[in-house]
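Undergrad: If you count by my numbering, then the sequence shown holds residues 3 to 266, one letter each, in order. Glycine included, each C-beta is placed from N, C-alpha and C at the ideal position. Predicted, not measured: the structure shown is a model, and the values here were computed from it. Have a look at this one before I ask anything.
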Amino acid sequence: MSKATLESLIGATAFDEHGDKIGKVKQIYIDNNTGSPTWAAVSTGLFSGDSLVPLAGADHRADDDTLRLHVDKEQVKSAPHLDNGGRISAQSEQELFKHYHVDPRSAGWNTYGRQQIRPGGDSPMTHGNPAQGKHAQPGRTDDSMVRSEEQLRVDTENTEVGTARLRKYVVTEEQTIKVPVTHEEVHIEREPITGDRTGRTTIGEDEREVTLHADQVHVQKEAVPVERVRLAVDEVADEKTVSDTVRKERIDTEGVDDRRPKAP
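Given below as structure tokens:
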């Protein structure tokens, strides 16, 4: 992409990863060692200066002139601000990396490709790799080449995967209980008459009656609570394996004599 395409980001409306509006893009900062756009200055209206946000993982939608950033709006509010005359020092950049939890090795945003770095006096640049500790010089090009490769970034999201419910229903079953009962029975007892038997007696019919008793069983039903049942959710640790393809850049040489002795 051309410089004009990258510059089309200026004025775009920036949103955080949740869709909350952050502000307007005021400036783009390019790493002077890799040529990759790394930071954007966004006017939030909350401070006198602009807030710096990382471009890593950003999504530019040219149709509605928006820039979706891989940050949270609250992070932007508390981010360090630019106070080095339009440039980002090595120390300030490390503070920004730490604040936004950005890996410096994958901080470049290469949607529009790497830029040819020929900065003028007012060109905004990041400090670049602190280990090298220098900016690109005007009028000079670097004869080195940066090799990049994609890395997998994996995170987890807690989503609904199903439901569990308790349902109470009624069943009918046969229940047998043995109940102790009593009843009366009649048997004959005979007692011989001894002694004086001279008294008069009458021969004829006679009748005696005895009332018999027995326990009767009466069944009643009563609903009583016997158990409390609830659903308990346990969090179980598990492990899943994910895989995807990644691209890596390889560097070949032409016109280089590999037989030359290497410098000690």
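Exposed or buried, what is P194 when buried is set at 16 or more other beta-carbons lying within 10 Å of its beta-carbon?
TA: The residue you call residue 194 lines up with position 192 of the sequence shown. The residue in question, P194, is exposed, as its Cβ has fewer than 16 Cβ neighbours within 10 Å.
Undergrad: Can you list, in chain order, the residues of its chain with a C-beta nearer than 6 Å to that of K28? Leave out the 5 residues immediately preceding and following it.
TA: Walking along the sequence shown from the start, residue 28 turns up at place 26. Cβ within range, chain order: A43, S45, D52.
Undergrad: Could you tell me whether the stretch 56 to 70 touches the stretch 12 to 20, using the rule of 3 or more Cβ pairs below 8 Å?
TA: With a cut-off of 8 Å, the stretch 12 to 20 and the stretch 56 to 70 count as touching, because enough Cβ pairs lie within range.
Undergrad: Helix, strand or coil: how does DSSP classify L57 here?
TA: Mapped onto the sequence shown, residue 57 falls at position 55. Of the three classes helix, strand and coil, the one that applies to L57 here is coil, per DSSP.
Undergrad: Would you list the residues sitting across from L39 in a DSSP beta bridge?
TA: The count along the sequence shown starts at 1 and reaches residue 39 at position 37. The residue asked about is misnamed: residue 39 is Pro in this sequence, not Leu. Its beta-bridge partners are I32.
Undergrad: Tell me the rounded alpha-carbon separation between L8 and P82.
TA: What you label residue 8 is simply residue 6 of the sequence shown in a count that begins at 1. What you label residue 82 is simply residue 80 of the sequence shown in a count that begins at 1. Computed Cα separation, rounded: 24 Å.
Undergrad: Would you check if there are 3 or more beta carbon pairs closer than 8 Å linking the stretch 213 to 225 to the stretch 178 to 188?
TA: In short, these stretches touch, since the Cβ pair count reaches three.
Undergrad: Check A225 in the structure and name its three-state DSSP category.
TA: Counting from one through the sequence shown, the residue named residue 225 turns up at place 223. Coil at A225, not helix or strand.
Undergrad: Tell me whether H62 sits in a helix, a strand or coil according to DSSP, three-state version.
TA: Sequence index remark: in the sequence shown, residue 62 carries index 60 (1-based). Reduced to three states, the DSSP call for H62 is strand.
Undergrad: Is G103 helix, strand or coil when you go by DSSP?
TA: Sequence index remark: in the sequence shown, residue 103 carries index 101 (1-based). Contrary to the premise, residue 103 reads as His rather than Gly in this sequence. Residue state, collapsed to three classes: coil.
Undergrad: Buried or exposed: which applies to P227, given that a residue is buried once 16 or more other Cβ atoms fall within 10 Å of its Cβ?
TA: Counting from 1 along the sequence shown, the entry for residue 227 is found at position 225. Label assigned to P227: exposed.
Undergrad: Between the Cα of N35 and those of R107, T196, H62, D74, spot the shortest distance and give me the residue it belongs to.
TA: Residue mapping note: residue 35 aligns to position 33 of the sequence shown, counting from 1. The candidate whose alpha carbon is nearest that of N35 is R107.
Undergrad: Excluding the 5 residues flanking D246 on each side, which residues of the same chain have their C-beta closer than 7 Å to its C-beta?
TA: Translated into the one-based positions of the sequence shown, residue 246 becomes position 244. L154.
Undergrad: Provide the residue span of the beta strand (DSSP E) that contains L69, from first to last.
TA: As a first step, residue 69 must be located in the sequence shown, where it is residue number 67. Here the beta strand (DSSP E) through L69 covers 68 to 70.
Undergrad: So, is S80 buried or exposed, given that buried needs 16 or more other C-beta atoms within 10 angstroms?
TA: Here residue 80 is taken as the residue at index 78 of the sequence shown, counted from 1. It counts as exposed.
Undergrad: Identify which residue in H220, G21, S10 has its Cα closest to the Cα of E182.
TA: Numbered from 1 along the sequence shown, position 180 holds the residue referred to as residue 182. First, the amino acid is wrong: residue 182 is Pro here, not Glu. Residue H220 is the option with its Cα nearest to P182.
Undergrad: Starting from T15 and walking both ways along the beta strand (DSSP E), at which residues does that stretch end?
TA: Position 13 of the sequence shown, counting from 1, holds the residue named residue 15. Note, T15: beta strand (DSSP E), 15 to 17.
Undergrad: Spell out the partners DSSP gives G25 in its beta bridges.
TA: Walking along the sequence shown from the start, residue 25 turns up at place 23. G25 is bridged to A16.
Undergrad: Among the candidates T165, N112, T174, whose CA atom is the shortest distance from the CA of R149?
TA: Here the question's residue 149 lines up with position 147 in the sequence shown. That would be N112, whose Cα lies nearest to the Cα of R149.
Undergrad: Mark A234 as exposed unless 16 or more other C-beta atoms lie within 10 angstroms of its C-beta, in which case mark it buried.
TA: Position 232 of the sequence shown, counted from the first residue, corresponds to residue 234. It counts as exposed.
Undergrad: Beta-carbon within less than 7 Å of A166's beta-carbon, same chain only, minus the 5 sequence neighbours each way: which residues are those?
TA: To locate residue 166, count along the sequence shown from 1; it is residue 164. These residues qualify, in order along the chain: L233.
Undergrad: What's the gap between the Cα of D124 and the Cα of L57?
TA: As a working note, residue 124 is residue 122 in the sequence shown. As a working note, residue 57 is residue 55 in the sequence shown. Residue placement at D124 is poorly supported in this model, since its pLDDT is 47, which falls under 50; the coordinates still yield a value, given next. One C-alpha to the other measures close to 21 Å.
Undergrad: Whose C-beta lies closer than 8 Å to the C-beta of D74 among residues of the same chain, with five residues either side of it excluded?
TA: Start at 1 with the first residue of the sequence shown, and residue 74 comes out as number 72. So the list reads D18, E19, H20, once near-sequence residues are dropped.
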